[in-house]
Each structure stands twice: as C-alpha cells, then as structure tokens.
C-alpha cells in the first residue's frame, strides 16, 4: 500500500488540497491552545501544509499516490508547525525528536546505498530508484517523528501548571472602589476579548494576579494571593481556592477561552478567600460577641467550611458560601464591565 498508486494524479492532488484546508480550518477553530499564545500565526501552518504538498507531489506523484502518502504529508506539516510553535518552551523535546529522526533516516539510507551496482547500464535507473527509496524512508521517519512530537508536547502541556508573577504595576493610591478600577483601566482593558487573545498565556495569568491585587485592596486583604492556571482540573471545575496555600487555581481552558470568564471565576474564588479571612477574624472575638446578628452569616460560613459539600451539585450550589461568591462576582462584574466597555 505504501508504494502503490490507488488513485489518479488529479484525485491525489485534489484530496491533498482538500485535506490540508480541512486541517487548517479545524486548527484555527480549535486553537485557543498554545500556538497562538506563543505568537505563532496560523498562517505558519498554511505555509508548512503548502510546502509539504509541493514536496509530496514531487516525490509521490508517480509511484505513491495513496491515502497514506497524503496522511504523512499532513502529519509532517502539522508536526513542523508544532515544533516551530513550541521550540522556545519545549526545546529539549523538539531537538530530541529531530535528532532521533535524523539518526534513523541515516541508518536506513546507508542500508539502501550499501549494495554495490555492478552493471553500468543499470546505474542511472538504480541510483534514481535508491534516491526515491531514501526520500520515502525520510518521509516515513519524519511523519512518525512528528506524530510522536505532537503527542509528547500536548501530553506535557496537559499537565502544565503556571503560577503567576506579580509583574503588573497596579495603582492603589485611591481606596474608593470606582477610583481603583478607573485608575487601573490599562490592566482591566486587557480583559477585552480582542486584547485577551493577543496576550501570551503567561501574560494572561499575570493580568489576573494584578486584578487579584486590586480586589484584595478593595476587600481589605493582604496582596498575597497565589494565582495559578492548571490543565489538570476537571472540565466541570472552573476554579478552586485552597486556604492552606492561600492559592487560587483557574482551569487553563477558561483562561484560553475568555478574559471575562476568567475574571468571573477569579472574583468568585477571591470571595472565598475573603470568607476565610472573615472566619479567622470571627474566631478571634470574644465568645459573648459571637452571637451578634452581624456575625451570623460568618458563623454559617465557618460551619460550611468544616462540612464543605462538593459532590452533590444541588447541595454544593445552595451552600451560603457559594451563593455569596456568585452574588459578589455578579456585582463586581458589572463594575468591571463599566470600564471594559466604556472604551
């Protein structure tokens, strides 16, 4: 099958064009992943598909017009795209795979050319055949290597975890809520969808830590929340707050998809941090004052934290601490929207 013709030249060319376009369109529609985060244009994939198409036509049009050849050409193009996209952050993986492909290719090419050609009359034909065999070996080796590279990189990225660094300068000179947001609109405007998609993943996470610092000032908490993005959270878990680590973790898929949804999840989890600070303060007051009505909701928070329910969705959703977080996030989102869409 690998060296047979199973279709006409016209069909072979047209199928390769159609499959290449489909792969390019699918990648564009699904690629809120790392490629765009690293500043790699989707046109680069189109370029690799075009180049592999031309090279494939040159070496396959006569003897290997089949589905396997088309698949190998597309796999190589996509693998090269992945290699270019991730080279800076996954250099060791990329270089190791390419080095392995080169070694394997050289080994088999040497085997092909090892046998001597005795008859001079057949020299040209045999040499030509060996060159085409070598090209086929390189193509097969490279396609397998690019498939391995893609699986390795996406496997590593799936377990990736990014912890934000406090790189944004946030103006906190004004304590008033509206003043804090307005005076930091440069940071907040990064949440606009058109701006969000231009940011790298690290820049997005660092933007969220700047927003977290603003919320901490607004709520009267220390600016020491740890903000992380994680691929390993379940799809149904948009974010979590771990009080022992004082850490908010946001599902990386949320950060890929939307700045506004990332903000809403962040606000929800920050409110949980605030609730825990309220419970800490509540535990420090005199027992005779704990029955005051002003502390009743905080007392309920403390009880729910001790018996927190996250298995049964109905019970989880109706816990007062969760209701309070949703209310806070909804109210604050309206105030952020006034800045985001004021421009």
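Residue numbers (our numbering): 23 to 365.
By construction, the Cβ of each residue, glycine as well, lies at the ideal position given by its N, Cα and C atoms.
Please read these numbers as outputs of a predicted model, since none were measured by experiment.
CB-CB length for residue i against residue j, believed under 8 Å
{"i": "residue 227", "j": "residue 277", "result": "7 Å"}
{"i": "residue 236", "j": "residue 202", "result": "6 Å"}
{"i": "residue 320", "j": "residue 338", "result": "Incorrect: roughly 20 Å between the Cβ atoms, too far for contact."}
{"i": "residue 13", "j": "residue 83", "result": "Residue 13 lies beyond the range of the chain shown here (23 to 365); nothing can be said about it."}
{"i": "residue 238", "j": "residue 293", "result": "With a Cβ gap of about 12 Å, residue 238 and residue 293 do not count as contacting."}
{"i": "residue 87", "j": "residue 36", "result": "Contact flag wrong, Cβ pair sits at about 11 Å."}
{"i": "residue 324", "j": "residue 243", "result": "Not a contact, Cβ separation roughly 17 Å."}
Residue i burial status per 10 Å Cβ neighbour count (16 or more: buried)
{"i": "residue 165", "result": "buried"}
{"i": "residue 234", "result": "buried"}
{"i": "residue 163", "result": "buried"}
{"i": "residue 167", "result": "buried"}
{"i": "residue 50", "result": "exposed"}
{"i": "residue 171", "result": "buried"}
{"i": "residue 146", "result": "exposed"}
{"i": "residue 212", "result": "buried"}
{"i": "residue 129", "result": "exposed"}
{"i": "residue 274", "result": "buried"}
{"i": "residue 334", "result": "exposed"}
{"i": "residue 133", "result": "exposed"}
{"i": "residue 197", "result": "Confidence in residue 197 is poor, its pLDDT being 45 and thus under 50, which makes the residue's placement unreliable; the coordinate value appears in the next sentence. Exposed, because fewer than 16 other Cβ atoms sit within 10 Å of the Cβ of residue 197."}
{"i": "residue 263", "result": "buried"}
{"i": "residue 345", "result": "exposed"}
{"i": "residue 297", "result": "buried"}
{"i": "residue 314", "result": "exposed"}
{"i": "residue 229", "result": "buried"}
{"i": "residue 173", "result": "exposed"}
{"i": "residue 48", "result": "exposed"}
Beta-carbon proximity list for residue i, same chain, < 7 Å, skipping 5 on both sides
{"i": "residue 41", "result": "92 and 96"}
{"i": "residue 157", "result": "81"}
{"i": "residue 287", "result": "260, 261, 272 and 276"}
{"i": "residue 135", "result": "152"}
{"i": "residue 38", "result": "75, 78, 92 and 95"}
{"i": "residue 267", "result": "248"}
{"i": "residue 322", "result": "342"}
{"i": "residue 160", "result": "127"}
{"i": "residue 105", "result": "116 and 171"}
{"i": "residue 309", "result": "none"}
Cβ-based neighbour list, residue i, same chain, cut-off 6 Å, excluding 5 preceding and 5 following
{"i": "residue 312", "result": "none"}
{"i": "residue 361", "result": "203, 207 and 210"}
{"i": "residue 112", "result": "175"}
{"i": "residue 102", "result": "70"}
{"i": "residue 218", "result": "281"}
{"i": "residue 99", "result": "70, 71 and 74"}
{"i": "residue 131", "result": "156"}
{"i": "residue 300", "result": "320"}
{"i": "residue 265", "result": "298"}
Boundaries of the alpha helix (DSSP H) in which residue i is found, first to last residue
{"i": "residue 88", "result": "From DSSP, residue 88 is part of no alpha helix (DSSP H); its letter is neither H nor E."}
{"i": "residue 364", "result": "Note, residue 364: premise wrong, no alpha helix (DSSP H); not H, not E."}
{"i": "residue 338", "result": "335-340"}
{"i": "residue 81", "result": "65-82"}
{"i": "residue 277", "result": "274-279"}
{"i": "residue 224", "result": "223-241"}
{"i": "residue 316", "result": "That residue, residue 316, is in no alpha helix (DSSP H); it is neither H nor E in DSSP."}
{"i": "residue 207", "result": "207-210"}
{"i": "residue 118", "result": "113-136"}
{"i": "residue 30", "result": "That residue, residue 30, is in no alpha helix (DSSP H); it is neither H nor E in DSSP."}
{"i": "residue 215", "result": "215-218"}
Unbroken beta strand (DSSP E) run spanning residue i, endpoints
{"i": "residue 248", "result": "248-252"}
{"i": "residue 264", "result": "261-264"}
Other residues of its chain near residue i: CB distance less than 8 Å, five sequence neighbours each side excluded
{"i": "residue 355", "result": "282, 285, 286 and 289"}
Should the segment 237-253 be called in touch with the segment 324-331, which here means at least 3 C-beta pairs below 8 Å?
The segment 237-253 is not in contact with the segment 324-331.
I'd like to know if the segment 65-79 and the segment 118-138 are in contact, where contact means that at least 3 CB-CB pairs between them fall below 8 Å.
no
Could you tell me whether the segment 68-76 touches the segment 32-46, using the rule of 3 or more Cβ pairs below 8 Å?
yes
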